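Colleague: If you count the sequence shown from 1, position 241 lands on 250 in the working numbering, and the numbers rise without skipping.
For each residue, glycine too, the CB sits at the ideal point set by N, CA and C.
Values in this document were obtained by computation on a predicted structure and should not be read as measured data.
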Amino acid sequence: MTLVLHRAERADVLAEVLAAELAVPPADPFTREVVAVHSRGVERWLAHRLSAHLGTSPGRADGVCANLEFPFPGRLVQSALATVTGVDPDTDPWRPERLAWPLLDVVDACLDEDWLFVLAGHLGAGAGAEDDLARRDRRFAAVRHLADLYDRYAVHRPAMVRAWHQGRDEDGDGQALDPHVAWQAELWRRLRAAVDQPSPAERTAAGCAALAADRDLAGDLPERLFLFGLTRLPASYLDVLEALAAHRDVHVLALHPSPASWGTGDQVALRHPLLRAWGRDSHEMGVVLRRRLAVAPHATTEDRHHPLPDDDPARPTLLRRLQAAIRADEPPPTDPDDRARLDPGDRSVQVHACHGRARQAEVLRDAITHLLADDPTLEPRDVVVMCPDIDDLAPLLRAAFDDEPDHPRAIPHRLADRSLRQTNPVLGAVAELLALVDARLTATQVLAFAALPPVRQRFGFDEDDLERLARWVDQTGTRWGLDGDHRAPYDLAAVDTGTWAAGLRRVLLGVAMSEDELRLVGGVLPLDDVDSGDIDLAGRFAELVGRLGGAVRSLRDPRPVAAWVHALDAAADQLLDTRWEDAWQRSQLDQLLAEVVQEAGGDDGDGSRATPLRLAELRDLLADRLKGRPSRAAFRTGEMTMCTLVPMRSVPHRVVCLVGLDDGAFPRGGAPDGDDLLVAARHPGDHDRRAEDRQLLLDAVLAAGDHLVVTYDGHDPRTNEPLPPAVPVNELLDVLDDTAVTADGRLARHQVVRHHPLQPADRRSFEPGALGTDGPWSFDDRLLAGAEAAARPPAPPAPFLDPHVPLPPVVDEGVIELAALVAAVDHPARAFLRQRLGLGLFDDDDRHADALALELDGLSRWQVGRRLLDALLAGADPDVVVAAERARGQLPPGLLGERVLADARQKAERLADSAREVADGRPG
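#1: Once the 5 residues before and after Ala-28 are set aside, which same chain residues still bring their CB inside 7 Å of it?
#2: In chain order, which continuous runs of the beta strand (DSSP E) of length 3 or greater are located wholly inside the segment 681-741?
#3: Around the C-beta of Gly-784, are 16 or more other C-beta atoms found within 10 angstroms, so that it is buried, or is it exposed?
#4: Between the Cα of Asp-401 and the Cα atoms of Arg-908, Asn-739, Asp-426, Arg-329, which residue gives the shortest distance?
#5: Does the segment 482-489 touch the segment 508-521, meaning 3 or more C-beta pairs lie closer than 8 Å?
#6: So, are the CB atoms of Asp-753 and Pro-341 less than 8 Å apart?
#7: For the alpha helix (DSSP H) containing Glu-476, name the first residue and the last one.
#8: Rounded to the nearest angstrom, what separates Leu-861 and Ala-448 at their Cα positions?
#9: When you compare only the Cα positions, how much space is there between Asp-929 and Ser-923?
#10: Quick check: the segment 254-262 against the segment 284-292, are at least 3 beta-carbon pairs closer than 8 Å?
#11: Compare the C-alpha of Leu-601 against each of Pro-887, His-575, Asp-398 and name the closest.
#12: So, Ala-403 versus Leu-373, is the Cβ gap smaller than 8 Å?
#13: Which two residues bound the contiguous alpha helix (DSSP H) that contains Phe-468?
#14: For Glu-1016, list the residues DSSP reports as bridge partners.
#15: Gly-614: buried (16+ other C-beta within 10 angstroms of its C-beta) or exposed?
#16: Write down the C-beta distance between Ala-770 and Leu-756 rounded to the nearest angstrom, noting that I regard them as a contact closer than 8 Å.
#17: Along the alpha helix (DSSP H) that carries Glu-604, what are the first and last residues, could you check?
#18: Got a sec? Which residues, its chain only, sit under 8 Å from Ala-408 by beta carbon, not counting five neighbours each side?
#19: If I measure Cβ to Cβ from Asp-853 and keep anything under 7 Å in the same chain, skipping five residues before and after, which residues do I get?
#20: Looking at the structure shown, is His-315 part of a helix, part of a strand, or coil, going by DSSP?
#21: Assuming Gln-359 contacts Val-718 under a Cβ cut-off of 8 Å, what Cβ separation, rounded to an integer in Å, is found between them?
#22: Which residues bound the beta strand (DSSP E) around Met-294?
#23: From the DSSP secondary-structure annotation, give me the bridge partner or partners of Asp-400.
#24: Can you give me the C-alpha to C-alpha distance between Leu-882 and Arg-876, rounded to a whole angstrom?
#25: Please determine, among Val-297, Leu-220, Asp-473, Leu-113, the residue with the shortest C-alpha to C-alpha distance to Leu-90.
#26: Tell me whether the segment 530-546 and the segment 910-927 touch, counting them as touching only if at least three CB pairs, one residue from each stretch, are closer than 8 Å.
#27: Just reading off the beta strand (DSSP E) that Val-259 is part of, what are its end residues?
#28: Just verifying my parser: in three-state terms, what is the DSSP assignment at Ala-913?
#29: Confirm, please, whether the CB-CB distance from Leu-239 to Val-22 is below 8 Å.
#30: Quick check on Ala-572: does DSSP put it in helix, strand or coil?
#31: Hey, would you say Leu-128 sits closer than 8 Å to Ala-156, going by beta carbons?
#32: Cβ atoms of Gly-272 and Leu-707: under 8 Å apart, would you say?
#33: Tell me whether Gln-899 sits in a helix, a strand or coil according to DSSP, three-state version.
#34: Excluding sequence positions up to five away, which residues of its chain have a Cβ less than 7 Å from the Cβ of Leu-186?
#35: Run through DSSP, which three-state label would Met-395 get?
#36: Can you list the alpha helix (DSSP H) stretches of 4 or more residues lying completely in the segment 182-216, in chain order?
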């Protein structure tokens, strides 16, 4: 049979090739076809595309895409090997998620051995490191990382892993391992003995030989297999595909940006600057495929190039000129006179320099709105917005694009491939709970936890309730710590002031009593702000703090993973709830926890795998689970898609928008992994994050049909200093400058790049032509009103008070309170507005103090003294007054507070004595 390579420059051409192949019916019409794809976004787009070709009526696109399976390439390879080896990919003990657990046991058993001293030092297991908890908490993360490395080695360097199994410490080139990394080979051998099952590298070699020799072994697979749109195929995958091609037709449909450079062996020899700078992944993919096609031992091979359809508009846009030059691998003209002249209205490539990411989102919305307004045939589904990190930009994009559905400027959109923490509030609440376990439980942290939707649902808190809780927290002086015992690790066990227990005692006593009589019950002063209607709220508040404290205490100690899952499940029952329509959120948590137990070895009734995990290790275990998992439903819904760069890479859209290409944020950085042997001895086709990001950018440029829109932080929002774009964006602008000039002979970037003002209501946003469009840039009527108001000449200031409007009559209250006098002297304008106009103005901000006060500011000292003086003038016992102030919880702890209290008492008693003398007619 045949191994066929189909290559084209655009995914839509490959989709038509695939449709033509699938249109030929197999021998068994009920056979399920298999098309491997690299992302769910590509799967959704491809299914839509195929439905326009398969099963259609003559001359109509009314077909259907059915009976097709879209696995990931790795899953296809694993399934093929499973027919030979009998190892189910889902239960394979060598899967990284499962492999981490036996590897954890092996590492624990070997840390004292000399050959593992490098890892032992990293984990704080060496001599004198018993108290290095930070290093010991790395244990699971380090082991999980090693499991991923061993999986990568099996996929990309199977020969190296097989050499390790045979006792040879070799790298991927067959050379001896450096001594500082040789421990990886020995650790792998210990792991192999513990797992006691052939590793994937061993199974791949035996499986490929068996698949090539026996046609019937892979009987569950169809007679033809397709792999669509891939930009990377590891060595082990190619081995399996070659073996399958001995008895089946295997079609690899690969994207390659430039047919002119297909035979180029050295990337440096590429002529177009962007191909050289951005196209390493696709170039190396071509090198690997050409080598394999030349030496495939089990099948005949074919290399088919599918050219693009003729597209030669009379006046090509800048984007089309750029794409054509890349595909032809033609360098830009060196003579400026040979450069093309840009049409003044050419906006096919737009680069917008903004003041911060919030402005990027606002500018992007206006840019897309302009394109939709200018082209009635353009629809939201024709637009894709991609960014390096969707979780960071999602709130800003939502704020910029979320309008009422019937709003005239509303753009239907959908955020895809966000992390589970962002899309499932229950998972986010569990992650926050785990973060609180070893935290100080400050006022801010607990109030923020109480405001989470699942917590609010569980305890019935609404917005008014949360505001009242925040006020109670401030009034009781609650700062941090459940109680004295919770503060013990900070050597503050004897200081109960400012704990949640102390604050709650005041709130609950305030349900039954007032503080008017300064009566202490068990040393507790009731809070005076608890009304009769707040009794239920006080109870729910106490229940929240009590349950949170119980959960925090129950989740501190190390335990096996199944015990962790039971504890988390119980804590979720106590603290979280959902509405019936959101029950899926809790079900997703239960499913996630069940998968963790299953991967760790299953819950066999005695705690699953006995290896205990610390809290930090549990957080590492769950962190990977809470990352983004894009689903089919998130893509190609008829709305504009917003996602990261990977899911929709190479998928053609009429408008491709790239957001957040800021200097330092793109390409993604990070130091090379010193433990990764693939980095030390790199082969063509190996993964490299920075090269991948550049390839993603090249794919996006070539996938844009009509317009490419790029935004970046071009100005500091505080100083307005210019900021450079990401290096690849600068490379793009340099190539555009060498490709074309403006109508008046300037560099192309003068027409391509637009520098936007800091504020969306700036007048330039509404001046026709000021920001590169024939009309105003902004579409927002409200912002227009603001810009018009700012543009008017300033009117003479109106009088602060209308003399024709009478003020309320002055009421002679006889006695002026000291607080009123202090307020008038401290802030006369505020006092006037309050006393004469009756305006309520708040002095305090919304922030909560989270630290115990070591000293009081002037206002707080005055408040203490005022309360003491009022009570003394009312005839209260000075000792009772002082005890009540001490129980109020507003003083610094210990002797610090006693000094403040003694000073305030002395002054209050002196003032009280003076006041009595004046009242008695005896001046002091």
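Modeller: According to the data block:
#1: The answer, listed in chain order, is Leu-59, His-62, Leu-63.
#2: Whole beta strand (DSSP E) segments, 3+ residues: 713-722.
#3: By the beta-carbon neighbour count (other beta carbons within 10 angstroms, threshold 16), Gly-784 is exposed.
#4: The shortest Cα separation from Asp-401 among Arg-908, Asn-739, Asp-426, Arg-329 belongs to Asp-426.
#5: As far as the Cβ criterion goes, the segment 508-521 touches the segment 482-489, which means the pair count is three or higher.
#6: Taking C-beta atoms as the reference points, Asp-753 and Pro-341 fail to come closer than 8 Å.
#7: Residues 472-485.
#8: Annotation: Leu-861 to Ala-448 spans about 15 Å, alpha carbon to alpha carbon.
#9: Their backbone Cα atoms lie some 10 Å apart in a straight line.
#10: Too few Cβ pairs lie closer than 8 Å, so no.
#11: Out of Pro-887, His-575, Asp-398, His-575 has the C-alpha closest to the C-alpha of Leu-601.
#12: It is not a contact, given that the beta carbons lie outside the stated cut-off.
#13: Bounds of the alpha helix (DSSP H) holding Phe-468 are 462-468.
#14: As displayed, the chain neither begins before 10 nor continues past 933, which places residue 1016 out of reach and without an answer.
#15: With a pLDDT of only 42 at Gly-614, under the threshold of 50, the placement of this residue in the model should not be trusted, and no figure is reported.
#16: The Cβ separation is near 31 Å, so there is no contact.
#17: Taken as a continuous stretch (DSSP letters only), the alpha helix (DSSP H) holding Glu-604 covers 592-608.
#18: Answer for Ala-408: Ala-367, Ala-370, listed in chain order.
#19: Since pLDDT at Asp-853 reaches only 48, below the 50 mark, its modelled position is unreliable, and no value is offered.
#20: Coil, per DSSP.
#21: Their Cβ separation, rounded to whole angstroms, is 5 Å, which keeps Gln-359 and Val-718 in contact under 8 Å.
#22: In the DSSP annotation of this structure, Met-294 is not part of any beta strand (DSSP E); the continuous alpha helix (DSSP H) holding it starts and ends at 289-304.
#23: Beta-bridge partners of Asp-400 (DSSP): none assigned.
#24: Leu-882 and Arg-876 have their C-alpha atoms roughly 10 Å apart.
#25: When only C-alpha atoms are compared, the closest one is Leu-220.
#26: With a cut-off of 8 Å, the segment 910-927 and the segment 530-546 do not count as touching, because too few Cβ pairs lie within range.
#27: Unbroken beta strand (DSSP E) run through Val-259: 258-264.
#28: Annotated three-state conformation of Ala-913 is helix, per DSSP.
#29: Not a contact, by the Cβ cut-off of 8 Å.
#30: If DSSP states are grouped into helix, strand and coil, Ala-572 belongs with the helices.
#31: In this structure, Leu-128 lies away from Ala-156, with their beta-carbon atoms at least 8 Å apart.
#32: Inclusion of Leu-707 and Gly-272 in the CB contact set at 8 Å is not warranted, their separation being larger than that value.
#33: The three-state secondary structure of Gln-899, taken from DSSP, is coil.
#34: Result list for Leu-186: Asp-178, Glu-179, Asp-180, Ala-194, in chain order.
#35: Note: Met-395 maps to strand in three-state DSSP.
#36: The DSSP assignment places complete alpha helix (DSSP H) segments of no fewer than 4 residues inside the segment 182-216 at 192-204, in order along the chain.
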